[in-house]
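Taken in sequence, the protein lines are chains V and B. FYI, in numbering that gives the first Met the number 0 the residues of the first sequence are 0 to 479. FYI, in numbering that gives the first Met the number 0 the residues of the second sequence are 0 to 479. Note that the Cβ used here is the ideal one computed from N, Cα and C, for glycine as well.
There are 2 protein chains.
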Amino acid sequence: MADMNKMVNDITSMDEDFAKWYTDIVKKAELIGYTSVKGCMVIRPYGYAIWENIQRILDNAFKATGHENVNMPMFIPESLLQKEKDHVEGFAPEVAWVTYGGSEKLEERLCVRPTSETLFCEHYANIIQSYRDLPKKYNQWVSVVRWEKTTRPFLRSREFLWQEGHTIHATAEEAIAETEQMLNVYADFCENSLAIPVVKGRKTDSDKFAGAEATYAIEALMHDGKALQAGTSHYFGDGFAKAFNIQYSDRRNQKKYPHQTSWGMTTRLIGAIIMTHGDDNGLVLPPDVAPIQAVIIPIAQHKAGVPEKAAEVAEQLKSIARVKLDDTDNSPGWKFSEYEMKGVPVRIELGPRDIEQGQCVVVTRHNREKTIVQLDELADVLPKKLQEVRDGMFQKALQNREQHTYRCKTMDEINAKLAELGDGFVLAPWCESEECEDTVKEQTGVGSRCISMTEDPADGDVCVCCGKPAKKIVYWGKAY
Amino acid sequence: MADMNKMVNDITSMDEDFAKWYTDIVKKAELIGYTSVKGCMVIRPYGYAIWENIQRILDNAFKATGHENVNMPMFIPESLLQKEKDHVEGFAPEVAWVTYGGSEKLEERLCVRPTSETLFCEHYANIIQSYRDLPKKYNQWVSVVRWEKTTRPFLRSREFLWQEGHTIHATAEEAIAETEQMLNVYADFCENSLAIPVVKGRKTDSDKFAGAEATYAIEALMHDGKALQAGTSHYFGDGFAKAFNIQYSDRRNQKKYPHQTSWGMTTRLIGAIIMTHGDDNGLVLPPDVAPIQAVIIPIAQHKAGVPEKAAEVAEQLKSIARVKLDDTDNSPGWKFSEYEMKGVPVRIELGPRDIEQGQCVVVTRHNREKTIVQLDELADVLPKKLQEVRDGMFQKALQNREQHTYRCKTMDEINAKLAELGDGFVLAPWCESEECEDTVKEQTGVGSRCISMTEDPADGDVCVCCGKPAKKIVYWGKAY
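Next comes the structure, spelled out in structure tokens:
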């Protein structure tokens with residue numbers, strides 16, 4: 000079986016060339032198509048269906064926490080982008096500029112939004128007068144553009160799809176609570192729905208979002224030991240409010256500056272799914288976002304009774320899960336490979352002998368485990384199987400992360416661990432100086448991913464770099 | 000009540016100034032916000048929630064007819080846009096051009112998509128080889144940009160949200176059937192979900208989509224007697240396939256050009272809803288797309304038992320409809336006006352005396368009809384009420400259209416009817432010459448909206464303009 004898959008799926012092995020393995024999967028699983036628009040991609044139906052499932056689950060979570068969707072223009076006038084000093088410095092070098100409308104040169108250039116803080120601020124200034132108007136908790140599902148030099152499907156492209164939440168609150172406390180809440184929503188989504196274990200942390204000052212007081216992130220460890228930032232949540236304080244002159248009258252009719260947040264997740268998550276769960280036979284999808292959760296493959300379907308029974312089973316399961324019956328003329332072996340490539344979590348094989356015995360064969364994608372299931376129990380078993388698959392995938396990924404998380408006290412130790420065990424998370428104490436942050440990166444190759452939110456240095460812990468007393472425990476790693 | 004509403008809502012009467020009435024509604028009902036991005040708008044939560052409902056219903060209809068969602072880049076390289084001659088002529092004058100990425104001048108200008116035929120064609124050319132690859136039935140939900148000179152919220156803006164369906168088929172017959180099917184999906188959606196009666200028709204050659212062989216449209220009549228194109232469905236033949244060299248091998252291994260369609264609906268529909276159903280008290284929303292279908296307003300809510308009962312009713316109804324309980328401190332009169340402005344289809348009033356008698360007062364927005372409903376029957380009555388509302392709104396709009404549809408045989412008759420009865424649809428025979436089409440517009444002010452698909456000229460019917468034998472019956476009108 001393994002050999003045949005190899006032959007049919009014909010993708011580079013991940014141990015041989017991880018980058019090529021990744022590119023093979025996005026193409027062979029029909030997730031994306033290339034275009035003549037440099038650095039941009041077509042998201043094909045199978046890839047987009049994954050994104051639709053991500054959207055649906057996240058959107059429900061946003062609404063359940065009191066957020067409303069809106070839609071802002073895709074353009075930002077240059078003068079508006081420039082209102083917040085740090086923000087424009089961070090983004091201006093990488094935006095696309097519209098300079099002509101038809102044949103007419105524009106009086107002022109417009110950039111295609113790289114992110115929409117400035118537009119939300121302009122809107123808040125228009126609609127917020129009193130404490131009664133607060134909070135506003137908004138989100139939008141759009142695409143943004145950042146003029147990247149080197150691009151890779153899902154991981155880094157000039158245009159990408161995302162959601163950007165933007166909220167504004169009367170007090171700093173409320174805004175900080177919002178920032179934390181959304182980080183938790185993101186972490187729960189990654190762990191529960193994508194079966195991807197994540198580390199929650201705060202970014203160091205050098206790595207903050209342009210214009211933010213604090214940036215929080217969730218970081219996941221990919222199969223090759225590199226880290227991937229899967230979502231960020233920013234606390235802005237009242238910096239943007241001051242730059243955009245957003246004020247409200249409080250209960251005592253005093254003018255106050257409100258406090259803001261923003262938070263975002265992108266189509267990058269699809270890259271994270273591929274690199275966390277995928278294997279040499281292709282994609283492995285977590286059931287919650289899999290376009291097809293179970294595929295039914297009839298065996299010897301020319302035999303009387305087989306197509307009928309397969310259709311009956313499909314009909315019976317369709318209200319329970321996203322099920323597909325493949326009754327095309329292709330061989331069962333070809334179909335096995337095809338749906339393994341596409342990462343369908345559960346395969347149900349149904350042949351004449353199975354039918355005779357009132358049973359079917361259930362195979363789970365992530366571990367290739369086979370189970371015989373009685374047909375009259377299948378409707379009960381399938382949801383449990385899908386949960387088992389999610390749990391199994393999560394445990395496997397967690398185990399990989401644990402095997403590749405190294406606690407180190409010295410630079411030599413970092414270099415030794417990375418050399419011995421391969422790339423991974425390095426957990427090491429830090430003095431909080433940017434100089435040491437840079438030195439660690441120069442001398443070991445791992446940069447700071449985030450500051451641990453659960454762990455502080457023990458008494459006597461010293462900075463892995465300079466030997467001065469440590470103030471934080473940092474997750475270091477190579478990053479996508 | 001009417002006077003108080005007038006006072007609180009304070010909008011221009013539609014008879015006084017229809018355009019100002021429209022603008023007042025989009026602002027006061029909090030559908031949009033203005034921005035410093037000329038010709039673009041913020042769609043606020045209440046406006047966007049209407050669009051989300053439109054999306055959900057249409058997206059289900061698309062999927063039920065076998066379509067899949069994808070996502071194309073938002074940019075089109077100039078050379079790609081130029082591949083189909085008619086298409087580029089139609090769109091190039093009104094596109095926004097990106098000329099810089101960061102500080103670097105681009106080698107080739109990119110336009111922000113005004114529509115995506117060219118991108119879909121490039122993708123088809125990459126993925127279609129054989130008849131087995133056909134049909135492809137794709138759709139995407141995105142925004143597009145057209146550099147309009149004068150803009151109005153929802154009706155005409157430089158950026159607008161839409162869906163664009165793009166399909167490709169082995170034969171002309173299949174593509175034509177697709178074009179017709181989607182026109183019907185659009186018409187059914189408008190009539191059933193938006194309660195807007197529409198005329199289905201074909202556009203004259205001068206009014207076709209750039210690059211299409213035939214354009215079909217649905218046209219609705221607004222309250223002021225002007226027509227609004229609510230959706231279009233285009234048949235392209237194999238013109239784009241030839242321009243982009245898309246070919247497939249048929250069953251006999253012969254190379255063939257496939258046939259294409261595209262079809263779209265936009266946020267314009269929200270403008271159509273406003274101008275079909277709205278009145279001098281504000282918005283009137285069809286229940287299927289209303290963000291709030293029923294609002295519960297407690298009367299004398301300081302009295303014991305009222306808030307509790309109101310909450311109980313809200314809880315009981317929440318699985319039946321999109322229900323909101325407004326238990327804020329504002330007065331009931333203020334709330335009545337507020338939700339009339341927002342067009343909530345059903346209002347449920349609940350006071351101490353009602354509760355004593357186990358009943359409530361149900362008021363429907365479109366006709367302000369009051370009904371006493373027993374509380375224990377409310378869960379059964381509400382869905383029926385919502386259906387009644389949709390039916391009542393549709394009949395009212397249909398009646399308005401019928402009163403403003405004029406059958407005319409001569410130019411004088413057209414001018415007389417319009418002068419006497421106001422703007423509306425003129426139904427008149429036509430010889431099919433572009434010259435007569437232009438002359439009718441010059442001399443009467445009404446342009447051709449579409450050619451009737453259900454009615455042909457009778458024997459002896461002559462062109463309303465030149466007097467030669469008529470070939471078509473045309474709907475003429477002034478248009479948004």
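Using a 10 Å radius around the Cβ and a threshold of 16 neighbouring Cβ atoms, would you call residue i buried or exposed?
i, result
"G100 of chain V", "buried"
"P92 of chain V", "exposed"
"A18 of chain B", "exposed"
"E387 of chain V", "buried"
"S318 of chain V", "exposed"
"E434 of chain B", "exposed"
"T504 of chain V", "Missing from the structure shown is residue 504 of chain V; chain V here goes from 0 to 479 and no further."
"R251 of chain V", "exposed"
"E419 of chain V", "exposed"
"K241 of chain B", "exposed"
"R400 of chain B", "buried"
"D16 of chain V", "exposed"
State the start and end residues of the unbroken alpha helix (DSSP H) segment that holds residue i.
i, result
"T389 of chain B", "For clarity, residue 389 of chain B is Arg in the given sequence; the question names Thr instead. Residues L377 to Q402."
"K241 of chain V", "G238 to A242"
"I354 of chain V", "P351 to E355"
"V87 of chain V", "K84 to F90"
Compute the distance between the beta-carbons of residue i and residue j, then report whether it is under 8 Å.
i, j, result
"Y405 of chain B", "L426 of chain B", "yes"
"A186 of chain V", "R201 of chain V", "no"
"Q139 of chain B", "E163 of chain B", "yes"
"I296 of chain V", "K334 of chain V", "yes"
"V141 of chain B", "P113 of chain B", "no"
"V197 of chain V", "E190 of chain V", "yes"
"L193 of chain V", "I24 of chain V", "no"
"T266 of chain B", "F153 of chain B", "yes"
"S432 of chain B", "D206 of chain B", "no"
"F235 of chain B", "A209 of chain B", "no"
"W161 of chain V", "G89 of chain V", "no"
"E147 of chain B", "R131 of chain B", "no"
"L220 of chain V", "F393 of chain V", "no"
"W429 of chain V", "K477 of chain V", "no"
"V445 of chain B", "V97 of chain V", "no"
"G421 of chain B", "G277 of chain B", "no"
"F243 of chain V", "C407 of chain V", "no"
Give the range of the beta strand (DSSP E) segment to which residue i is assigned.
i, result
"S451 of chain V", "G446 to S451"
"W429 of chain V", "F424 to W429"
"S261 of chain V", "H258 to T265"
"W161 of chain V", "E158 to H168"
"Y479 of chain B", "Taken as a continuous stretch (DSSP letters only), Y479 of chain B belongs to no beta strand (DSSP E), as it is neither H nor E."
"E434 of chain V", "Careful: E434 of chain V lies outside any beta strand (DSSP E), inside the alpha helix (DSSP H) at E433 to T443."
"G100 of chain V", "A95 to G100"
"V283 of chain V", "Careful: V283 of chain V lies outside any beta strand (DSSP E) and carries neither H nor E."
"V198 of chain V", "V198 to R201"
"S192 of chain V", "First-last for S192 of chain V: undefined, no H or E at that position."
Confirm the yes/no value for this check: CB of residue i, any heavy atom of the ligand SAM, distance under 7 Å.
i, result
"F153 of chain V", "For the ligand SAM, the structure offers nothing, since it holds no ligand at all."
Practice prompt. Decide yes or no for the touch test of the stretch 251-262 of chain V against the stretch 166-182 of chain V: beta carbon pairs closer than 8 Å, at least 3 of them.
Written response: yes
Fill in: Meets three-Cβ-pair contact criterion under 8 Å: the stretch 268-283 of chain B and the stretch 302-316 of chain B
no
Discussion item. By the 8 Å beta-carbon criterion, what residues does the stretch 50-67 of chain V contribute toward chain B?
Written reply: W50, E51 and E67
Worksheet item: For the stretch 70-81 of chain V, which residues have a beta carbon sitting closer than 9 Å to at least one beta carbon of chain B?
Response: N70, M71, P72, M73, F74, I75, P76, S78 and L79
Worksheet entry | Residues of the stretch 112-129 of chain V with Cβ closer than 8 Å to any Cβ of chain B, in chain order | L118, E121, H122, N125 and I126
Worksheet item: Would you call the stretch 287-300 of chain V and the stretch 38-52 of chain V touching, i.e. three or more CB-CB distances under 8 Å?
Response: Between the stretch 287-300 of chain V and the stretch 38-52 of chain V, the count of C-beta pairs closer than 8 Å reaches three or more; the two stretches touch.
Discussion item. Closer than 8 Å is the cut-off here; do at least three beta carbon pairs connect the stretch 57-74 of chain V with the stretch 226-239 of chain V?
Written reply: Taking 8 Å as the limit for Cβ pairs, the verdict is that the stretch 226-239 of chain V does not touch the stretch 57-74 of chain V.
Worksheet entry | Residues, ordered as in the chain, of the stretch 15-43 of chain V that lie near chain B by beta-carbon distance below 8 Å | G32, Y33, T34, S35, V36, C39, M40, V41, I42 and R43
Discussion item. So if I threshold CB-CB distances at 7 Å, which residues from the stretch 417-447 of chain B count as touching chain V?
Written reply: Under the 7 Å Cβ criterion, the stretch 417-447 of chain B contributes no residue.
Worksheet item: Does the count of Cβ pairs from the stretch 381-396 of chain B and the stretch 323-331 of chain B closer than 8 Å reach three?
Response: no
Item to complete: Give a yes or no on contact between the stretch 337-348 of chain V and the stretch 32-39 of chain V, applying the rule of three or more CB pairs nearer than 8 Å.
Response: no
Item to complete: Compile a chain-ordered list of the residues in the stretch 143-177 of chain B whose CB is closer than 7 Å to at least one CB of chain V.
Response: W146, E158 and L160
Worksheet item: Listed in chain order, which residues of the stretch 79-101 of chain V have Cβ atoms closer than 9 Å to some Cβ of chain B?
Response: L79, A91, P92, E93, V94, A95, W96, V97, T98, Y99, G100 and G101
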